[in-house]
Structure formats: structure tokens, C-alpha cells
Amino acid sequence: MNTPAGPIGQSLPRLEAAEKASGAALYTGDMVLPGMLHGAIVQSPHAHARILGYDLSAALAVPGVRATVTGDDVDYRYMGLVVKDELAIAKGKVRYIGEPVAAVAAVDIETARRAAALIEVRYQPLPAVTAIEEAIKPEAPILHEDFAKYAKIYDAPTNRGNILAHSVATQGDPGKGFAAADVVVEATYQIAAQYHAYMEPVAALAAFDPSGKVTVWSSTQSIFRTQANLHECLGMPMTKIRCIAPRVGGGFGGKSEATVQPIAVLLARKAKAPVRVVLSRVEDMTTMRSRHPGWIRLKTGATRDGKLVARECELWFDGGAYADDSPAVMNFALFFVRGPYDIPNVHCEGYAVYTNKLRAGAFRGFGNPQMSFASECQIDELAKKLGMDPLELRRRNALPKGAKWFGGQEVKETALVEALDTIRERAGWAKPMPPASPGKKRGRGIACMAHSSAFLSTGAIIRLQNDGTIALQVGAVDIGQGSDTALAQMAASAFLLPVEQINLSTPDTDAVPYNSGTNASRVTYMVGKAVGEAAGKVRDQLLEHGAAMLAVKREEVALAEGGRVVVTGGSRRNAEVSFADIAGRSIWAVGGPITGSSGVMAQYLMDQGHTKMSGWLSFEAVGIFTFGAQVVEVEVDEVTGAVEVTRAVCVHDVGRAINPGATIGQIQGGFVQGLGYGLCEEMVWEEGRLANPSFMDYKIPSALEVPAEIECVLIEKPEPSHPFGARGVGEPPLVGAAAAIANAVADAIGKPVRQLPLTPERVLGAMLKP
Amino acid sequence: MTDTRFHAPERLDEAIGLLTADDEARPLAGGQTLVAMLNAELLRPRAIVSLHRIAALKGVERRAGGSLWIGAMTTHSALAASAELRGAHRLLAEAAARIGHEAIRNRGTIGGAVAHADPSADYPAALVALDAEIEIEGPRGKRSLPAHQFFRGFLTTALEPGELVTGVVLLPGPAKAATRFEKLARVEGDFATASVAVVLGLDAGRVTSARLTLGGCGSVPIQSIEAEQIIAGHTLSDAVLKKAGELLAAAADPIDDVRGTAAYRRAIIPGLVARAVRSALAKGAA
């Protein structure tokens, strides 16, 4: 079956497909250790309160209880990627309803939960702020009195109350740009909090060995972020923290940073026994993360002939009680303020604000879906005002190859125009739609999206095993998206081996090289790059050994399928030696074990001469842009305003599709999650309390809400900077989906709906508006 | 480690005895609400009395006079597929088919759903529109109540301590009837944001009787005798339907919740009612 390039480009089944389909796959919540205890958490009933003390006596008196943990068990040691503002468990204050304030370890989960309910925490309630507008009032209560003292990796505002990040950027001359505009549109777009809704709620199992080293198995997107967070909040050296990820049931950004690992470790340390903490769905929804809600005011100017000349943006993100990734998400949203368009004059300001609610954090798209909703809806409003075809307006303004991104990075490759031309054809854009069903209005909408693939750093180690197979050690966690299979396919291709001869390591901080995390659509691109480099080093050694063993020159040998080094010319043509024989030589006779390692860092220079930026995180470790377009058709119910997506066409430039089946799966899954964001998913708080913390009240779309076929077209323009030509695909399919749906709804009803999600009520409200 | 006792009696009187003896005991029918509430730790009953082995609660029987008895333990999927539900009774099959998802319909029972009395659930509105009788048995014997008297409020029924819903009786409807269960939900499988149950009696193409009931628009199914009167016997112009819808909207007493605001529900009721009646007529007599 193998083409000469190996298994790349084949839709191989997932390496772990059989174990997942049969239920044999081992997730953290399935793991049991001898003497293992179960942990349960106690959650704050207050949105904001000082903790006065604890009464643990009733809980400790319950037979089977082995340990309790509260803020008294930790020091003020803060963790966090962007702002170090979180403790292992609440101490001193609670800042949102649901915040873990104590925990219990007991012989079974029922006992632990019952004991947890008996813990009494004495609070002094404080005034709370649960909306951006309240949080920024001069007299607003302050969530983090010590904000100025927290460690941060960006230029944070000082003395701005609950505003934790404020970023400004200017490119060109917006004043002049708007002056040159014939048409200007301005509107405010409301965006809602979306729940990650990963299938597996967060879970961690911690066990200390006799040397005092703790091993933590957890449902995480990054074993190294887990290790770093534990190190920071517990003060343990990394030599004493080993983090492992067994199978992980989804993450979507929500498991990038600490979840319940610190609590599991604290309980295990105190109980002197392994402790597993698995949150219920309600606990997960009330203690973890959401996509950032907030609002975006956007203004865009264009000339009469449809050239975008200026844009202005003011963005406010509600970050919740802890910063988590908020400044980065807010900056990333601004990074996409122009969308994939060549707008020469731009001014934008963004704010992230603390409020007494669940923290908002990384979520598939990382701020880009919010900005793209505003931007892509506004492009349609502009097209309407200009009397221009929305697809044509987009095409005319597509950022060309070689142009600079907002921030000044060079865009080395783009397939946006190709994507638009493809989708025009495929979606029948110029042709009339089928007639609407009785009682329905039909509409069609388009959105473009841009996203990045490269982010931060990673490494890979490749070892030739004694039998000639390959051991691949990477720090990437496959959270269900299929990176294990893709990485194995890439490694297999580098050695012309079938994937069965690649042994992919379990993510384990004791055993694999660093990787920042499974996020930012980066694993296939970044880790794939590291795999390519490490494979090159091993390949060189294979060829050297092979040449020596075959007594020919290095230039006369090449790898051949099936794990062989073969002589390619001369009198010894076709003589060969197997990888196994080479491995034998290396470990028993000459040279030492064959190992190749790599470390790669994403680096793309910004240009302050192009875009002046202040209050930003550095984005020089972000790059490699990817583009796409989506067209959807909807039917809107004239009576109820309910929206049904009847057709979806997704065209994405993916570089080279390492595994086309998995790539299409990512696109379809991303579109569906975007459909939920667009139509029905919204976490609602009432006075700081999450009103819909279950799947009964918070609705994600099911197969019945999705068009029968989500048509996917892959544009495969190999990425020149990647050894296998790949680009990231995890996030782009979600980024523009809500906007495409909103634009289709606007087309159907003749009016824009500028608030996510487009519930029947909001759509009907727009329809009835005079 | 729980201290909840589990009983699975074979006889109805045993079950009633267990439930009467302990007001912290809960009956288990299909478990689609009870088990979810247990999992969410909203309930911690001292005992669970399973009704699964009680033969007297099972089956669907045609009775003398043409009425249909439906055992409390009959599942939603059995009703959705039942050939016994004909004429006006088709409404119940239509409502059953819209409950939750297939897995829920395969386990959930009509007795459990009726006794739980969630006003956004699909059976209450349908049963009131069908003038169904709810059969009850308890420590003081048997009784039955018309559906509209059985549902008393949000999750509140006429059941007394120790009493169980044993079945539902559908009285013979109009000889020729058209039905429609119209439901708006945020996603398929959700409870209704609003629903309309319609039974029209037909004679030679004329609407001779009408029963219209709203679900999800108040703490109990909402009716309007006036609305039903203007539909029965009148030519169904848009104006008549609009008037009927407005009467029902006025009778409704919805709340604001995560599914929609009260104002939104009121706003869509007339349109949903008109659509439900038109759909019923378009389908014709069954």
C-alpha cells in the first residue's frame, strides 16, 4: 500500500481506534492504584468573600475519611502562564461561586462527597462584580488587591482596578483612512461564554513514591504545563514531579493549564496514599473555564469600489476571577482584527477584566472566533451598503502573499483567493438556492478565516530500536484529535516504514522532551517539524552505518521501504543491510546507540515600524498563517426565529494533509463546535451563579442539528517551512463558522443579528424590529 | 457506600406499602429523571422502590367502550411506535416521539413522566388535549382524575403520599380526528421552549371540535375554552387562527428561563398555534 513517500497522505485509522471503540482505552478516571483514595471538592457559595476559617471536625469524623485540605495547607504560591494569580486552592478569599475552597480524600467517592458537604467554611461576604461594566466602575470592589505584585509576562496596567490587561495597536493612519472612506459601518457585537464540553470532565490521580516524588496522571493538554503549575503552586522542585497523560477525552483549550492536579497532589501528600479526583459535569462546568464573553465595537471604512481602507476596534473580554490566558486571548483576538484582509489603517484597543465569575481561558480559536464573528459580520454589512457581492468584496481585499500581518510579520504563503474561488464553485454561490420550506426563509452566508499554526517550542527524540523499529518520544498529548497517528505517519514516512513499526511514547515528563502543549493548532506543525529534524539525524546515522557495512560510499546508499539501507548504484547495486543489523552494529560494536533529537522554536519577527503595539504579549513565537472559507445555507423559521443549518461547505488550506480522513474529521468537528457557538451554546450567570451548569440546561448541538453532510474541500498547498508540508487545522474550522451562520441568517431575514448565540429569540427579535 | 435501600416488589400493593411506610422512599420507573437527579445529588432517598417487576403496570389494552388503557410502565418508544394509537390518540404517539433522545425513549415511561409533571415535558400537554384520565392507586385504594386536574403546578400533581400513577386511559376521541404535536426546542431532545398539542374533530371536512393545549408556557398545561370554541365550527381563516392563538397566549403564564423569556414565549404562541392547526388539517384525519 505504501507509496514511496510512506504513509503520509493516507487516511489510516487512528492508532488507538480499536481500544477507544471497544471501551478498553484507559482514561485517568479508569485508573486504580492499590490503596487509592477518592477526592471530593467543596465549592464556594459566594461570588466574593473573605475566608474567615474552617470547621473540619464533622468531616474528619466520618468513617473512611483520610484527609482534608484547605487554604491553610498551602502558602501564597501563585501559578499561571500569563499572570501568576492562582493558588492551588482558595486561600484568604474566594472570587467566584464554585471555586474549590476545600477538599476531602476518603475510601470511596460517596464518603468523600458526604464528608465534603460537612465541611463548614466561615465567610465574610464581599461586594461582587459579575459584569464588565460593574467591574470597571471606580468604586468597584477589587478582586486581586495584590495584582501589581503578581508575576506577568506582559506590560500590565497599573492602578486600573479590575482591568488586568489593556493593549493598543496602530497600523498606518486610521484618521486618514476613514477620511478616504466613502462608506463606513460601525456596530457592536456581543459574544457569549461557551463551555468546552469535552467528553471527559477533568480528572487527576496523584501518587507519591517513597522518595517523595509524586506521579500525576491527569486529563491534560500538556504534561509540561501541568508539571510547571504544580511546581509553582506547591513549591516542589520539578525533579519531584512526574506528569503523565493517559488517554484524554478532549480538551479544546480547557485543559491547557492546571485543573484538579494541585488538589489531588495536596490530598495525596496529606493522606499518604494515592488520591484520584474526578469532577462531575456540574463541578467541571462551575470550576473550570469558558470561552471569553464580552463585546466588540467595530468600525470599518471602504471606498466606493470596495477597497477596505480603515478599521477601528474596541474589544472588552470578561476574564472571570483569574487571569488564566486572558491577556493572551485578548491579544490574539486583536492579532486578527483585520481578519485575512489587507486593511492599511487600523487602530485597536483591547481590555481584559477580572469579574467574580468562572475564569475564561483558552478555547479552540483563542479569541479569533470572537473577533472573526464581529469582523466577518461587518464585512457583510459593508458589502450590503456598497451593493457588492460579499464574496467578491472579500476576494478583492484578500491579504496577498508577501504582505505583512497585523504586527508586521510576513505572510509567506496564502491560499485565500484560491479558497474563495473554490468555494464559489463548490457552494454554487452564483446560483439560486433551492426554495425555502413552507414557513421558512432561506439564506446563504460566507465567512473567511485566518489562523496560525506555529507556536512556542517543542522537541522530539527518535531512537532506533534493536529490531530495526523506531521509538518516537514526543511531549505532545493526543487529546482525541489524532496527533499520535499523524506524528507516527510522519515518522514512518521519514523512514519508509509502516506506522506499525513506530513506537510512540506515552506523554511522560520523565521520558519525553519538552513540548508546550496540545493547543494553537500547533502539534502537527511544530511537533511534526521536530520529528522531521530528529528523523533526519537518525537517517544520517543509518546511512553512515549502512555505507560502512556495505563497504560503499555514503552517497551510494539510500533508505528503502521495509527498514533497509540499499546501495543505489555501482557494482554493489541493490546490496542491502537491514535497520536491525545496523542497530546491532551500533549497540554492540561501533558508534553507540542511534538516537536523534531536536528542539525547535517558533520565531517570527514583529515590526513596530509596521504596527505600533503597547501592552501586548510578544507574538514572535506565533506564525505560519493558514486560510479558509466557509459557506452555509440556513432556514429561519418565520414563527419562532429558529435557525437550521441546511448546508455547509468548508474549504481549508491545510498544507499537506498528513491524514486526510482525520483532517476532514477536524474540519467537521470544528464546524459543529462553531455551529454550537453560533446557535445555541451560552453559559448564563445570574448574580454570579451559573444558571445552566449541566447538559440538561446547556445545549450543545447533536447530529440532529448538523446538516447531513458537511462538505469539506482540502486545498493542499504544501507548507515550505515544514518537513512534511503540513499546516495546522484544529482551530480554523471553528473560527469563522458562527459568522458564516450569522451572515446566512442576515441574508435570510434581511437584518443582521449581532449577538451570539443566534437563539430563536434573538433572531425573531431582529425580524420583528421595525 | 450509600445507605439507600433498593426494593423490587412484584405486586403493586407491596410497592404502595413500601412507599407509604417511608416518605423518603422514591419509586423508580424508567429512571430517566430519578437517576439523573441521584447522579446530580439533588435527591438522596432512603429507599428506591423499583416498579419494573410489577405486571399490573405493564401493557396497552383496548377496553370496553373503545377507550385505551396504557400501563404506567409503557416506554415512550413503545408508544411512539404503537399501532393502538389511532385517530385522536395519534397525538400521544407524536408527543412520545419528541421526548428526549432514542436512548431516553427506550427507558423512560409514561407513568414516570406523568408523575414527575415537568410542565415543559411533552406528555402533559398532549394528555390534557386528549382529555385523558390518569389512573392512580394508593394506600386508600384506586381513583382516577382527568389530566387537567391531575397536573397542579411545577413538578406538582394531585398524587397523595404513597400513591402511584398506574396507568393512563385515553377515552374514545372524535370518530374522525386530526392531530398535531408542535414543539419548539433549542436542540432536538431538549425540553420544549413551547409546545402546542392539537386534536381536531372532523366531519365532512369541517372542524367540529377542537382541543388545544400549550406546554412549556406555564406551570401546568395551558388551555383556552374560548380559543377552542372559535376554532370548532368556524372556517379556519388566518384571522380566526390568530384570534385563537392570542387567546391562548393571554391564558399562558410562562416564565423566563434558559430556554427563553416569557415575552418570547408569548410572542410565538399565536404563530405556533396557527401552524399546529394548519399542520393537523394538512395531515387530515387519521
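Chains as they are written, first to last, in this note's numbering: chain A, 976 to 1745; chain B, 25 to 310.
Beta carbons: idealized from backbone N, C-alpha and C, even for Gly.
Every value quoted in this text rests on a predicted model; they were computed, and no experiment measured them.
Proximal chain A residues relative to residue i, where beta-carbon distance stays under 8 Å
i              : result
arginine 129/B : Within chain A, no residue comes near arginine 129/B; the closest Cβ sits about 14 Å away, beyond 8 Å.
leucine 296/B  : Val1614 and Thr1615
Under 8 Å by beta carbon: chain B residues contacting residue i
i              : result
leucine 1739/A : Tyr288, Ala291 and Ile292
proline 1676/A : Val211
alanine 1672/A : The question names alanine, yet the displayed sequence has aspartate at residue 1672/A. The answer, in chain order, is Val282.
When the options are compared against residue i, the one with the closest alpha-carbon
i                   : options                                       : result
lysine 1151/A       : Pro1319/A, Gln1165/A and Leu1008/A            : Pro1319/A
leucine 1283/A      : His1267/A, Lys1247/A and Arg1371/A            : Arg1371/A
proline 1425/A      : Phe1307/A, Asn1441/A, Leu1518/A and Gln1440/A : A small fix is needed here, since residue 1425/A is alanine in this sequence, not proline. The candidate whose alpha carbon is nearest that of alanine 1425/A is Phe1307/A.
glutamine 173/B     : Gly165/B, Pro185/B and Glu159/B               : Glu159/B
proline 1568/A      : Leu1534/A, Ile1454/A and Leu1517/A            : Leu1517/A
valine 138/B        : Phe178/B, Arg283/B and Asn130/B               : Phe178/B
glycine 961/A       : Gln1345/A, Gly1028/A, Leu1035/A and Val1037/A : No statement about residue 961/A is possible, as the shown extent of chain A runs from 976 to 1745 and does not include it.
arginine 1286/A     : Phe1227/A, Met1363/A, Ala1220/A and Glu1161/A : Glu1161/A
isoleucine 1398/A   : Leu1525/A, His1520/A and Cys1625/A            : Cys1625/A
valine 1614/A       : Leu305/B, Ser303/B, Ala304/B and Ala298/B     : Ala298/B
isoleucine 327/B    : Ile134/B, Leu154/B and Ala112/B               : No answer is possible for residue 327/B: it lies beyond the span of chain B, which begins at 25 and ends at 310.
alanine 32/B        : Thr57/B, Leu75/B and Leu66/B                  : Leu75/B
valine 1250/A       : Gly1226/A, Ser1193/A and Lys1230/A            : Ser1193/A
proline 365/B       : Pro185/B, Pro148/B and Thr259/B               : Not covered by the structure: residue 365/B. The range shown for chain B is 25 to 310.
lysine 1415/A       : Asp1005/A, Met1742/A, Glu1061/A and Gly1636/A : Met1742/A
glutamine 1815/A    : Ala1178/A, Thr1262/A and Glu1061/A            : As displayed, chain A neither begins before 976 nor continues past 1745, which places residue 1815/A out of reach and without an answer.
glycine 1590/A      : Pro1038/A, Ala1144/A, Ile1026/A and Gly1010/A : Ala1144/A
glycine 1228/A      : Pro1221/A, Gly1616/A, Val1386/A and Ala1172/A : Ala1172/A
proline 1132/A      : Leu1209/A, Tyr1326/A and Glu1610/A            : Tyr1326/A
phenylalanine 321/B : Arg87/B, Ala45/B and Arg302/B                 : Any question about residue 321/B goes unanswered here, given that chain B covers just 25 to 310.
Residue i beta carbon near the ligand MN (any heavy atom closer than 7 Å)
i            : result
leucine 43/B : For the ligand MN, the structure offers nothing, since it holds no ligand at all.
Interface residues of chain B facing residue i [CB-CB closer than 9 Å]
i              : result
leucine 1679/A : His125, Val211, Glu212 and Gly213
alanine 1034/A : By Cβ distance, chain B contributes nothing, its closest Cβ being about 15 Å from alanine 1034/A, past 9 Å.
serine 1669/A  : Ala60 and Ala64
Buried versus exposed, by CB contacts within 10 Å (16 or more), residue i
i                 : result
leucine 307/B     : A quick correction: the sequence has lysine, not leucine, at residue 307/B. With fewer than 16 Cβ atoms within 10 Å of its Cβ, lysine 307/B is classed as exposed.
serine 986/A      : exposed
proline 1375/A    : exposed
threonine 1086/A  : buried
proline 1212/A    : exposed
glutamate 1108/A  : exposed
methionine 976/A  : Bear in mind that a pLDDT of 31 at methionine 976/A, under 50, signals an unreliable position, so the number given afterwards is only what the model happens to contain. Looking at its Cβ environment, which holds fewer than 16 other Cβ atoms inside 10 Å, methionine 976/A is exposed.
lysine 1059/A     : buried
glutamine 1018/A  : buried
tyrosine 1579/A   : buried
tryptophan 1660/A : buried
glutamate 34/B    : exposed
lysine 1504/A     : buried
histidine 1697/A  : buried
glycine 1197/A    : Position check: residue 1197/A holds serine in this sequence, whereas glycine was assumed. Buried, because 16 or more other Cβ atoms sit within 10 Å of the Cβ of serine 1197/A.
Below-8 Å beta-carbon distance, residue i vs any chain C residue
i             : result
glycine 284/B : The structure shown contains no chain C; its protein chains are A and B.
Per-residue contacts from residue i into chain A (C-beta, under 7 Å)
i              : result
arginine 299/B : Gly1414 and Val1614
Contact belief for residue i with residue j at Cβ below 8 Å, rounded distance in angstroms
i                    : j                 : result
threonine 1043/A     : alanine 999/A     : With 8 Å as the limit, threonine 1043/A and alanine 999/A do not qualify as a contact, their Cβ atoms being about 35 Å apart.
methionine 1260/A    : tyrosine 1170/A   : 6 Å
phenylalanine 1390/A : aspartate 1628/A  : Reading off the sequence, residue 1390/A comes out as alanine, not phenylalanine. 4 Å between Cβ atoms; contact.
isoleucine 1238/A    : alanine 1063/A    : 7 Å
glycine 1636/A       : alanine 1712/A    : The Cβ separation is near 21 Å, so there is no contact.
leucine 1733/A       : isoleucine 1716/A : 7 Å
Where residue i meets chain B, residues with beta-carbon distance less than 7 Å
i             : result
valine 1257/A : Ala64
Q) Between the stretch 192-211 of chain B and chain A, which residues of the former have a C-beta closer than 7 Å to a C-beta of the latter? A) Leu208, Arg210 and Val211
Q: Mind checking the stretch 1138-1153 of chain A against chain B and listing, in chain order, the residues whose C-beta falls within less than 8 Å of any C-beta there?
A: none
Q | Within 7 Å of chain B by C-beta, residues of the stretch 1636-1667 of chain A in sequence order | A | Cys1655, Val1659, Ala1666 and Asn1667
Q: Scan the stretch 1713-1743 of chain A for residues whose Cβ lies nearer than 9 Å to a Cβ of chain B and list them as they occur along the chain.
A: Thr1734, Pro1735, Glu1736, Leu1739, Gly1740 and Leu1743
Q.
At a CB distance below 8 Å, what residues from the stretch 1259-1281 of chain A approach chain B? Give them in sequence order.
A. none
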